[in-house]
Amino acid sequence: MTLRISDLVNAEASLVSRRCWSDPDVYALEKRGIFGRSWLFLGHESQISNPGDFVQAYMAETPIILSRGTDARIYANVNSCTHRGLPVCRADHGNTKRFICPYHNWSYSVEGDLVAIPQEGALCNKPDKAQLGLKRVSRVESWRGLVFGCFDEQIEPLESYLGDMRFYLDAFLDRFAGGIEFLGAPHRWVINANWKLPVENQLGDVNHGAFLHSAIIPREAQDLIEELGLSVVPRPGHGATFRLMPEDSPVDDMAWGMEGLGGMFGGDEVQEYLREIQAQAASRVGDIRARMKGLTYGIYPNLSFLWSNTSFKVSHPRGPGKVEYWSWAVVPADAPDHIKKILRTNYSSFFGPGGILEQEDSEVWIQQFQGSNIDYADDRPYYYGLGLGEEKVHPELPGLVSVTANEFYARHFYARWRDELQAVEDT
20 MTLRISDLVN AEASLVSRRC WSDPDVYALE KRGIFGRSWL FLGHESQISN
70 PGDFVQAYMA ETPIILSRGT DARIYANVNS CTHRGLPVCR ADHGNTKRFI
120 CPYHNWSYSV EGDLVAIPQE GALCNKPDKA QLGLKRVSRV ESWRGLVFGC
170 FDEQIEPLES YLGDMRFYLD AFLDRFAGGI EFLGAPHRWV INANWKLPVE
220 NQLGDVNHGA FLHSAIIPRE AQDLIEELGL SVVPRPGHGA TFRLMPEDSP
270 VDDMAWGMEG LGGMFGGDEV QEYLREIQAQ AASRVGDIRA RMKGLTYGIY
320 PNLSFLWSNT SFKVSHPRGP GKVEYWSWAV VPADAPDHIK KILRTNYSSF
370 FGPGGILEQE DSEVWIQQFQ GSNIDYADDR PYYYGLGLGE EKVHPELPGL
420 VSVTANEFYA RHFYARWRDE LQAVEDT
């Protein structure tokens, strides 16, 4: 590289070079320094609840099969035959006893072990099939049903990696006695942008709503976000942005789901269901978290969560200028099926590839990448200094806390990004 990583992000991460999003050499370092060493989201246990269940996933550009073994354990293997490299799993999800390569019919168990080679019957010296199973992801751990994998055997445990981000995730996940459920396969679409742009947007950028999404989000709603909203960095790279509702707020103003289309137009039964969840919230997650009404969450490096629209999203890189975006709708697992169907509209109305807000965000990310790749602008880094130094420790909330206009969530992300790339820059 012509420049060092330290030249691309300044000490405070308030100035970030356009090359961070557009340079192929930077992307090559990301695959080694970030995607090879971080916990990456693979799926949710509700997607693989029975032995033989599987879904496809990715770790950066590496295809992964996430499966539930016959021993009920969770497995993650690279979807590439050890004979000639073809994918052995071609369905997005399903239930099976074997994954079979179409080229020479090598057959693998749902756990990833090689169990049959049709050609070996004609050979005297038979290969050791125990050494020829699918490449296994080095570490796989689950927390609250969220399954992550990492190729680095030495990575810290998942709970430690998440740290105080668990406090904010539990404000949502622990509200529901039966946990959450991912509904169906993800929506997925390709955007001509860099993978970090959706991540940064969902990490804490809630102040663009009244401008970019002005046809949908009224100024009054944005004013309320700015009045009650807080952004938190529990650990650099992670982030949570939410409204902390006053203690005397009406239940309908605090309850999850009420502001979505399903809550507003789903009828009395749906609204009573949502009110009952909120009535139990304080006993399940505590007083302060019961008053949290989340907006956007981010888990480093590329997992996002939209609270109001109940969607988990992963930004899968496909090169420095292309991202394959995956998006799941999420509902309470123990809700009646007809209520799940209604609540799913909280997601599908505005997000997913056909959602109005998602289309506007995607267009911005495309244009933002184009702005990072134009000629003769390398001497004009992007400014991330809004609110520099204003974040503070909060007496009741873990992490650094500030108003939503403070860009410290992004500064901490790019400072961690810079440090992790520097660690592999000369290796």
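Numbers 20 to 446, taken from my numbering, label the letters of the sequence shown in order.
Built from N, CA and C at the ideal position, the CB exists for glycine as well.
Note that the structure is a prediction, hence the values are computed from the model and not measured.
Q. Is there contact here, the segment 193-209 with the segment 346-354, by at least three beta-carbon pairs under 8 Å?
A. Contact between the segment 193-209 and the segment 346-354 is present: 3 or more CB-CB pairs across the two stretches fall below 8 Å.
**Q.** Trp347 in three-state terms, based on DSSP
**A.** Note: Trp347 maps to strand in three-state DSSP.
Q) Does DSSP put Ser304 in a helix, in a strand, or in coil? A) Reading the sequence as shown, one finds Val at residue 304 and not Ser. Helix at Val304.
**Q.** Boundaries of the alpha helix (DSSP H) in which Trp452 is found, first to last residue
**A.** Lying outside 20 to 446, the shown extent of the chain, residue 452 is not represented and no answer is given.
**Q.** Residue(s) in a DSSP beta bridge with Asp72
**A.** Per DSSP, Asn114.
Q. Does the beta-carbon of His123 have 16 or more other beta-carbons within 10 angstroms, so that it is buried, or is it exposed?
A. The residue in question, His123, is exposed, as its Cβ has fewer than 16 Cβ neighbours within 10 Å.
Q.
My assumption, with CB atoms under 8 Å, is that Arg207 sits in contact with Tyr344. Please give the rounded CB distance.
A. Confirmed, about 7 Å.
Q. Which same chain residues, not among the five before or five after Ala396, have their C-beta less than 7 Å away from its C-beta?
A. For Ala396, where only same-chain residues beyond five positions count, the Cβ hits under 7 Å are Arg37.
Q: State the Cα-Cα distance for the pair Gln138 and Ile53, rounded to the nearest angstrom.
A: Answer to the nearest angstrom: the Cα atoms are 40 Å apart.
Q | Ser456 - DSSP class collapsed to helix/strand/coil | A | One cannot answer for residue 456 here, as it falls past the ends of the chain, which runs 20 to 446.
(Q) Which runs of the alpha helix (DSSP H) at least 4 residues long sit entirely within the segment 326-404? Give them in chain order. (A) List check, alpha helix (DSSP H) in window: 356-362, 364-367, 375-391.
Q. Is Ala95 helix, strand or coil when you go by DSSP?
A. DSSP, reduced to helix, strand and coil, places Ala95 within a strand of the structure shown.
Q: Count the other CB atoms, across all protein chains shown, that sit within 10 Å of the CB of Cys120; report buried if there are 16 or more and exposed otherwise.
A: Around the Cβ of Cys120, a 10 Å sphere holds 16 or more other Cβ atoms; the residue is buried.
Q: Please go through the same chain and pick out, in chain order, the residues whose beta-carbon is closer than 7 Å to the beta-carbon of Arg435, but skip the five residues on each side of it.
A: The beta carbon of Arg435 lies closer than 7 Å to those of Pro255, Gly256, Tyr319 in the same chain, with the five residues before and after it left out.
Q: Sort out for me which residues DSSP pairs Cys169 with in a bridge.
A: DSSP lists Arg158 as the bridge partner or partners of Cys169.
Q | DSSP-derived helix/strand/coil call for Ala204 | A | DSSP places Ala204 in strand when its eight states are reduced to three.
Q. Which term fits Tyr127, buried or exposed, when burial requires 16 or more other beta carbons within 10 angstroms of its beta carbon?
A. Answer is buried; the Cβ neighbour count reaches 16.
Q) The alpha helix (DSSP H) spanning Phe230 covers which residue range? A) Residues 228-231.
Q.
Can you tell me whether Val251 is buried or exposed? The criterion is at least 16 other CB atoms within 10 Å of its CB, across all chains shown.
A. The C-beta of Val251 has 16 or more other C-beta atoms within 10 Å across all chains shown, which makes the residue buried.
Q. Could you give the residue range of the alpha helix (DSSP H) that holds Leu27?
A. For Leu27, no alpha helix (DSSP H) encloses it, and the DSSP letter there is neither H nor E.
Q: Name the one or two DSSP bridge partners that Pro82 has.
A: Pro82 pairs with Tyr77.
Q: Tell me where the beta strand (DSSP E) around Tyr46 begins and ends.
A: Note, Tyr46: premise wrong, no beta strand (DSSP E); alpha helix (DSSP H) at 43-52.
Q. How would you call Tyr453, buried or exposed, if buried means at least 16 neighbouring beta carbons within 10 angstroms?
A. The chain is shown from 20 up to 446; residue 453 falls before or after that span and cannot be answered.
**Q.** Assigned secondary structure, Phe195 (DSSP; H/G/I helix, E/B strand, else coil)
**A.** Three-state DSSP puts Phe195 in coil, outside helix and strand.
Q | Residues near Ser368 in its chain [Cβ-Cβ closer than 6 Å; skip 5 each side] | A | Excluding positions up to five away in sequence, the list reads Leu280.
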